[in-house]
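Trainee:
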Amino acid sequence: MADQSITPRATDYSQWYLDVISAAELSDYSPVKGSMVLRPHGFAVWDLMRNELDTRFRETGHVNAYFPLLIPMSFLSKEAEHVEGFAKECAVVTHHRLRAAAGGGVEPDPAARLEEPLIIRPTSETIIWHMYGKWIQSHRDLPILINQWANVVRWEMKTRPFLRTAEFLWQEGHTAHASRAEAEAEASQMLRVYQEFARNVLAIPVLAGAKSASERFAGAVDTLCIEAMMQNGWALQAGTSHFLGQNFAKAFDVTFTGESGVREHVWATSWGVSTRLVGAVIMTHSDDTGLVLPPAIAPVQVVITPIWKGDAERAEVIAFAEGVAARLKGLRVKIDTRDQLKPGAKYFEWERKGVPLRLEIGPRDMAKGAVFAAPRTGGGKFAIPVDDALLGVVQESLAGIQQALYERAEARLNERTFRIDSYAELKERIDGGGFFVVNWCDDAANEAAIKEETRATIRCYPLDGQSPTGPCFYSGRPATHVAVFARAY
Numbered sequence: 124m125a126d127q128s129i130t131p132r133a134t135d136y137s138q139w140y141l142d143v144i145s146a147a148e149l150s151d152y153s154p155v156k157g158s159m160v161l162r163p164h165g166f167a168v169w170d171l172m173r174n175e176l177d178t179r180f181r182e183t184g185h186v187n188a189y190f191p192l193l194i195p196m197s198f199l200s201k202e203a204e205h206v207e208g209f210a211k212e213c214a215v216v217t218h219h220r221l222r223a224a225a226g227g228g229v230e231p232d233p234a235a236r237l238e239e240p241l242i243i244r245p246t247s248e249t250i251i252w253h254m255y256g257k258w259i260q261s262h263r264d265l266p267i268l269i270n271q272w273a274n275v276v277r278w279e280m281k282t283r284p285f286l287r288t289a290e291f292l293w294q295e296g297h298t299a300h301a302s303r304a305e306a307e308a309e310a311s312q313m314l315r316v317y318q319e320f321a322r323n324v325l326a327i328p329v330l331a332g333a334k335s336a337s338e339r340f341a342g343a344v345d346t347l348c349i350e351a352m353m354q355n356g357w358a359l360q361a362g363t364s365h366f367l368g369q370n371f372a373k374a375f376d377v378t379f380t381g382e383s384g385v386r387e388h389v390w391a392t393s394w395g396v397s398t399r400l401v402g403a404v405i406m407t408h409s410d411d412t413g414l415v416l417p418p419a420i421a422p423v424q425v426v427i428t429p430i431w432k433g434d435a436e437r438a439e440v441i442a443f444a445e446g447v448a449a450r451l452k453g454l455r456v457k458i459d460t461r462d463q464l465k466p467g468a469k470y471f472e473w474e475r476k477g478v479p480l481r482l483e484i485g486p487r488d489m490a491k492g493a494v495f496a497a498p499r500t501g502g503g504k505f506a507i508p509v510d511d512a513l514l515g516v517v518q519e520s521l522a523g524i525q526q527a528l529y530e531r532a533e534a535r536l537n538e539r540t541f542r543i544d545s546y547a548e549l550k551e552r553i554d555g556g557g558f559f560v561v562n563w564c565d566d567a568a569n570e571a572a573i574k575e576e577t578r579a580t581i582r583c584y585p586l587d588g589q590s591p592t593g594p595c596f597y598s599g600r601p602a603t604h605v606a607v608f609a610r611a612y
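Per this note's numbering, residue 124 is the first one in the sequence shown, and the count goes up by one each step.
#1: Just the Cα atoms here: how many angstroms apart are Val396 and Ala351?
#2: What runs of the alpha helix (DSSP H), each 4 residues or longer, lie entirely inside the region 329 to 381?
#3: Quick check on the burial criterion: 16 or more other C-beta atoms within 10 angstroms. Buried or exposed for Trp258?
#4: Do you know offhand how far Leu199's Cα is from Ala341's?
#5: Express the C-alpha separation of Leu161 and Tyr152 in angstroms, rounding to a whole number.
#6: Check whether the region 477 to 486 touches the region 416 to 432, taking contact to mean three or more Cβ pairs, one atom from each stretch, closer than 8 Å.
#7: According to DSSP, what are the bridge partners of Leu451?
#8: So what's Ser383 in DSSP terms, helix, strand or just coil?
#9: In whole angstroms, what separates the C-alpha of Cys564 from that of Gln127?
#10: Using DSSP with H/G/I as helix, E/B as strand and the rest coil, what is Trp431?
#11: Once the 5 residues before and after Ser302 are set aside, which same chain residues still bring their CB inside 8 Å of it?
#12: Below 8 Å on the Cβ atoms is my guess for Thr398 versus Phe285; work out the distance and round it to an integer in Å.
#13: In chain order, what are the residue ranges of uninterrupted beta strand (DSSP E) at least 3 long that sit wholly in the region 467 to 554?
#14: Is the beta carbon of Glu290 closer than 8 Å to that of Ser158?
#15: What do you get for Thr363, buried or exposed, if any count of 16 or more other CB atoms within 10 angstroms of its CB means buried?
#16: Nearest-angstrom Cα distance between Ala547 and Trp278?
#17: Between the region 400 to 414 and the region 303 to 310, can you find at least three pairs of beta-carbon atoms closer than 8 Å?
#18: Taking only the alpha-carbon atoms, compute the straight-line gap between Tyr136 and Ala490 and give it to the nearest angstrom.
#19: When you compare the CB of Cys595 with every CB in chain C, is at least one pair closer than 8 Å?
#20: For Phe189, which of helix, strand or coil comes out of DSSP?
#21: In terms of DSSP beta bridges, what is Arg287 paired with?
#22: If you draw a straight line from the C-alpha of Ile267 to the C-alpha of Ser590, how long is it?
#23: Pull up the DSSP beta-bridge partners for Asn270, would you.
#24: Pull up the distance between the alpha-carbon of Met406 and that of Glu175, whole angstroms please.
#25: Looking only at its chain, what residues have a beta carbon closer than 6 Å to the beta carbon of Gly593, apart from the 5 residues adjacent to it on each side?
#26: Between the beta-carbon of Phe333 and the beta-carbon of Gln318, is there less than 8 Å?
#27: Could you spell out where the alpha helix (DSSP H) holding Lys257 opens and where it closes?
#28: With contact counted as at least three CB pairs below 8 Å, one residue from each stretch, are the region 522 to 538 and the region 321 to 330 in contact?
#29: Are the beta-carbon atoms belonging to Ala602 and Ile581 less than 8 Å from one another?
#30: Is Arg610 near the ligand ATP - that is, is its Cβ less than 7 Å away from at least one heavy atom of it?
#31: Go to Trp616, then tell me how far its beta strand (DSSP E) extends in each direction, as first and last residue.
#32: Under the rule that 16 or more other beta-carbon atoms within 10 Å means buried, what is Leu221, buried or exposed?
#33: What number of angstroms, rounded off, separates the C-alpha of Leu100 from the C-alpha of Ala299?
#34: Provide the residue(s) that pair with Val275 in DSSP beta bridges, ordered along the chain.
#35: Can you tell me which of the three DSSP states Arg162 falls into?
#36: Can you tell me whether Ile194 is helix, strand or coil according to DSSP?
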């Protein structure tokens with residue numbers, strides 16, 4: 124690993140984020156502008172997230188499938204809001220073959236121009252609803268509860284690793300239902316799945332809410348979301364669940380015969396999270412030393428670093444370390460036996476990579492039948508006897524780290540959530556970051572004006588039962604909602 128300094132958060136938060144990613148070897152820039160290469164450590168974090176989510180999806184009755192990457196251009200034209208929302212981000216395939224160019228290299232073969240251009244999927248509603256039209260005939264065919272793990276392309280102009288890239292990995296659930304109530308219940312259920320996952324796996328507290336009309340997913344009737352607060356007080360949309368009504372069913376003429384014998388249009392949802400969750404974890408938990416990972420998604424939960432002088436000690440200490448690792452079955456454990464690095468360099472590297480717990484073993488520790496434990500979250504080292512209780516003690520330490528990370532993030536969210544009554548106060552305080560809870564009269568023009576002047580947007584209308592307590596903080600008109608404004612990634 125290259126010895127690279129990390130810019131302090133207080134000096135330049137954006138550069139700090141990029142430095143942490145580089146130092147932890149999570150991703151690298153690809154030759155295609157705006158795209159990233161997920162390095163093994165970064166992909167391993169996503170892989171663990173994926174496994175945790177996949178288990179939850181299966182527990183709620185969903186199954187995995189896969190749909191094509193290429194979508195006929197005409198499909199996007201069938202749902203007006205959808206095409207308007209994604210048109211500027213679509214990559215288009217026009218030819219199916221190259222030929223040698225006169226001046227060298229290659230060029231599209233004019234004879235291989237496609238009869239209809241193809242879109243590289245920005246999302247899969249259109250191709251999926253085309254297929255659902257073939258599969259759904261009767262109420263007996265419903266519900267369909269499908270999820271897919273895939274990559275998508277959205278041609279972003281301003282990119283940031285994990286948070287916004289031209290190509291990224293995600294999951295997208297697409298469900299079809301016989302009634303509005305069933306579809307709305309599905310959208311709410313999946314939002315709760317994301318909320319629980321953020322809390323218990325990512326150690327990130329989130330605010331659950333509904334998007335304003337201008338912030339909804341293109342083609343949705345309602346969009347539900349979870350919003351997380353990063354260490355600089357900015358918001359990050361961490362997951363969305365959409366009630367699509369019958370919009371896509373009507374666009375693709377997907378109907379079924381109900382129990383009464385009447386043909387009806389199907390009701391729909393879609394929901395998804397992406398690799399931006401890796402960015403959320405980085406910006407929620409990491410520090411000026413480097414990456415900090417919750418144990419639940421750490422590719423290496425425990426790293427064992429043997430310390431020795433000379434070949435004889437090396438063999439003995441490594442053998443002892445292997446015995447320690449054998450006692451930690453069920454945990455993700457790595458023994459660092461590299462000769463070319465001194466212990467301090469190893470500690471530095473594993474701290475930067477966010478390993479939650481380091482176990483140090485030297486000849487003296489071995490003689491005492493113990494290891495020294497150093498949590499990534501600090502608090503000082505402590506000795507653990509190597510006996511039958513070792514696994515339980517290490518598991519308890521990891522659980523404590525997981526809980527401590529959540530409590531830190533929750534305290535930050537609480538401390539930087541402000542109830543304000545005037546637009547002047549928002550303008551005065553928005554540069555310092557935070558979530559600003561206001562009385563709001565729903566008005567798209569006023570929402571756009573606030574965004575233009577302050578760069579703050581409505582993150583959501585919270586689903587926690589709050590009601591307006593006074594007039595709109597911006598217009599003075601009777602409030603229709605409680606809204607949360609913040610700057611966001």
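Virtual Cβ for every residue (Gly too), placed ideally from N, Cα, C.
Mentor: Concretely, from the data shown:
#1: If you number the sequence shown from 1, residue 396 lands on position 273. If you number the sequence shown from 1, residue 351 lands on position 228. Their backbone Cα atoms lie some 13 Å apart in a straight line.
#2: 370 to 374
#3: Here residue 258 refers to the residue found at position 135 of the sequence shown. The residue in question, Trp258, is exposed, as its Cβ has fewer than 16 Cβ neighbours within 10 Å.
#4: If you number the sequence shown from 1, residue 199 lands on position 76. If you number the sequence shown from 1, residue 341 lands on position 218. C-alpha separation (whole angstroms): 11 Å.
#5: Mapped onto the sequence shown, residue 152 falls at position 29. Mapped onto the sequence shown, residue 161 falls at position 38. Going from the Cα of Tyr152 to the Cα of Leu161 covers about 9 Å.
#6: yes
#7: Indexing the sequence shown from 1 puts residue 451 at position 328. Leu451 is not bridged to any residue.
#8: Within the sequence shown, residue 383 is the residue found at index 260, counting from 1. Three-state result, Ser383: coil.
#9: Against the sequence shown, residue 564 aligns to sequence position 441. Against the sequence shown, residue 127 aligns to sequence position 4. Those two C-alpha atoms are separated by around 49 Å.
#10: Position 308 of the sequence shown, counted from the first residue, corresponds to residue 431. Reduced to three states, the DSSP call for Trp431 is coil.
#11: Here residue 302 corresponds to residue number 179 of the sequence shown, with the count starting at 1. Answer for Ser302: Trp390, listed in chain order.
#12: In the sequence shown, residue 398 corresponds to position 275, counting from 1. In the sequence shown, residue 285 corresponds to position 162, counting from 1. Contact flag correct, Cβ pair sits at about 6 Å.
#13: 480 to 484, 493 to 498, 505 to 508, 540 to 542
#14: Position 35 of the sequence shown, counting from 1, holds the residue named residue 158. Position 167 of the sequence shown, counting from 1, holds the residue named residue 290. For Ser158 and Glu290, yes; Cβs fall inside 8 Å.
#15: Here residue 363 is taken as the residue at index 240 of the sequence shown, counted from 1. Buried, since its Cβ has 16 or more Cβ neighbours within 10 Å.
#16: Residue 547 sits at position 424 when you count from the first residue of the sequence shown. Residue 278 sits at position 155 when you count from the first residue of the sequence shown. Each residue's Cα considered, the two are about 36 Å apart.
#17: no
#18: What you label residue 136 is simply residue 13 of the sequence shown in a count that begins at 1. What you label residue 490 is simply residue 367 of the sequence shown in a count that begins at 1. The alpha-carbon atoms of Tyr136 and Ala490 are separated by roughly 45 Å.
#19: Checking the listed chains, one finds no chain C in this structure; it contains a single protein chain.
#20: Residue 189 sits at position 66 when you count from the first residue of the sequence shown. In the sequence on display, residue 189 carries Tyr and not Phe. The answer is coil: DSSP assigns Tyr189 none of H, G, I, E or B.
#21: Here residue 287 corresponds to residue number 164 of the sequence shown, with the count starting at 1. Its beta-bridge partners are Arg283.
#22: Reading the sequence shown from its first residue, position 144 is the one you call residue 267. Reading the sequence shown from its first residue, position 467 is the one you call residue 590. Near 36 Å, if we compare the C-alpha coordinates of Ser590 and Ile267.
#23: Looking up residue 270 in the sequence shown gives position 147. Asn187, Gly296, per the DSSP bridge assignment.
#24: Within the sequence shown, numbered from 1, the residue matching residue 406 stands at position 283. Within the sequence shown, numbered from 1, the residue matching residue 175 stands at position 52. Distance between the alpha carbons of Met406 and Glu175: 21 Å.
#25: On the sequence shown, position 470 is the one that residue 593 refers to. Answer for Gly593: Asn562, listed in chain order.
#26: Here residue 333 refers to the residue found at position 210 of the sequence shown. Here residue 318 refers to the residue found at position 195 of the sequence shown. Strictly speaking, residue 333 in this sequence is Ala, with Phe absent from that position. No, they are not a contact pair.
#27: Indexing the sequence shown from 1 puts residue 257 at position 134. Lys257 -> alpha helix (DSSP H) spans 248 to 258.
#28: yes
#29: Locating residue 602 in the sequence shown gives position 479, counting from the first residue. Locating residue 581 in the sequence shown gives position 458, counting from the first residue. No.
#30: Only the bare structure without any ligand can be found here, which leaves the ligand ATP out of the picture.
#31: This structure does not reach residue 616, given that the chain is present from 124 up to 612, and the question cannot be answered.
#32: Taking the sequence shown and counting its residues from 1, the one referred to as residue 221 is at position 98. It counts as exposed.
#33: This structure does not reach residue 100, given that the chain is present from 124 up to 612, and the question cannot be answered.
#34: By 1-based counting over the sequence shown, the position of residue 275 is 152. According to DSSP, Val275 bridges with Phe291.
#35: To locate residue 162, count along the sequence shown from 1; it is residue 39. Of the three classes helix, strand and coil, the one that applies to Arg162 here is coil, per DSSP.
#36: On the sequence shown, residue 194 is found 71 positions in, with the first residue counted as 1. Looking at Ile194 - three-state DSSP - the assignment turns out to be strand.
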